[in-house]
Amino acid sequence: MKQHILVAALALTCIAGSSMAAPVNLALGKTATSNSVYGSEVASHAIDGDDTTRWAADRHGSATEPVWITVDLGAVSAITSIDLFWMYPSNVPSWYNFSNEYQLLSSADEGSWNVLASGVFHDTPDLGDRTAVHDFAAPVETRYLRFAVVGGSHWGTLHEMRVYGAEQGSGNAVPEPASLALLGLGLIGLATRRRQTSV
Ligand SMILES: [Ca+2]
Numbered sequence: 034m035k036q037h038i039l040v041a042a043l044a045l046t047c048i049a050g051s052s053m054a055a056p057v058n059l060a061l062g063k064t065a066t067s068n069s070v071y072g073s074e075v076a077s078h079a080i081d082g083d084d085t086t087r088w089a090a091d092r093h094g095s096a097t098e099p100v101w102i103t104v105d106l107g108a109v110s111a112i113t114s115i116d117l118f119w120m121y122p123s124n125v126p127s128w129y130n131f132s133n134e135y136q137l138l139s140s141a142d143e144g145s146w147n148v149l150a151s152g153v154f155h156d157t158p159d160l161g162d163r164t165a166v167h168d169f170a171a172p173v174e175t176r177y178l179r180f181a182v183v184g185g186s187h188w189g190t191l192h193e194m195r196v197y198g199a200e201q202g203s204g205n206a207v208p209e210p211a212s213l214a215l216l217g218l219g220l221i222g223l224a225t226r227r228r229q230t231s232v
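Take 34 as the starting number for the sequence shown in our numbering and just add one per residue.
In structure tokens form, the structure reads like this:
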């Protein structure tokens, strides 16, 4: 009997997994602006789906004078995860202290902002020092997202921001917690993890 229950559970997991659509990057193809740009490294480069292109600021960011990009998702969306790729390693040991301290913020009107998450990137060969995935236990409803550099010794930059969730009215339902538990994802609170990539 126990074996049958196990098989049934596995079958249910497979069915649930196959019925879930692949995550959609809501930032792809949307618009991005910035308050600082270095040469041709414009804000849209951070949401073009290409890890080789980047946004870069022409100065450092600080708590009082951050440098930032703002992504307009075009409509209020329910965000479940944000995937950040800061940059490739310089492989210059003397540069390993170069960093960006950042915040992720949300806004419904581009006027008042809520801090969703924060972190620090460092220019080391360790992928975990240069990438982050911020998962949200409850979907964050927002239209605007901002990546703000608020400190660190490197001019503000970001190669790619990928935003996952569901656009309001799109019919792409955000997975219910029960479904996530069934798939063994176990999201509890805000979690930051290493991005799954071979970079
Ligand atoms: Ca890019």
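Positions of the beta carbon are idealized from the N, C-alpha and C atoms, including for glycine.
On a predicted model such as this, the values are computed, not experimentally measured, just so you know.
Same chain, Cβ closer than 7 Å to residue i, five either side skipped, listed in chain order
i: Gly152; result: Tyr135, Ala165, Thr225
i: Ile80; result: Ala60, Leu61, Lys63, Ala65, Val104, Met194
Terminal residues of the beta strand (DSSP E) in which residue i lies
i: Tyr135; result: 132–140
i: Ile112; result: 100–118
i: Ala96; result: That residue, Ala96, is in no beta strand (DSSP E); it is neither H nor E in DSSP.
i: Val70; result: Per DSSP, Val70 belongs to no beta strand (DSSP E) and is neither H nor E.
i: Gly198; result: 193–200
i: Thr164; result: 164–184
i: Val57; result: Here Val57 belongs to no beta strand (DSSP E), and DSSP marks it neither H nor E.
Proximity test, residue i beta-carbon vs ligand 1 heavy atom, cut-off 7 Å
i: Glu193; result: yes
i: Arg92; result: no
i: Ala76; result: no
i: Thr190; result: no
i: Ala89; result: no
i: Thr225; result: no
i: Asp116; result: no
i: Ala150; result: no
Supposed close pair residue i, residue j - CB separation, criterion 8 Å
i: Val70; j: Asp91; result: 7 Å
i: Asn133; j: Gly189; result: 6 Å
i: Ala108; j: Val196; result: So it is not a contact: roughly 13 Å between Cβ atoms.
Cβ neighbours of residue i in the same chain (closer than 8 Å, five flanking residues each side left out)
i: Phe131; result: Ser123, His155, Asp156, Gly185, Ser186, His187
Contact set for residue i: own chain, Cβ-Cβ below 6 Å, skip 5 residues either direction
i: Asn58; result: Arg195
Length of the line joining the Cα atoms of residue i and residue j
i: Gly161; j: Ala111; result: 26 Å
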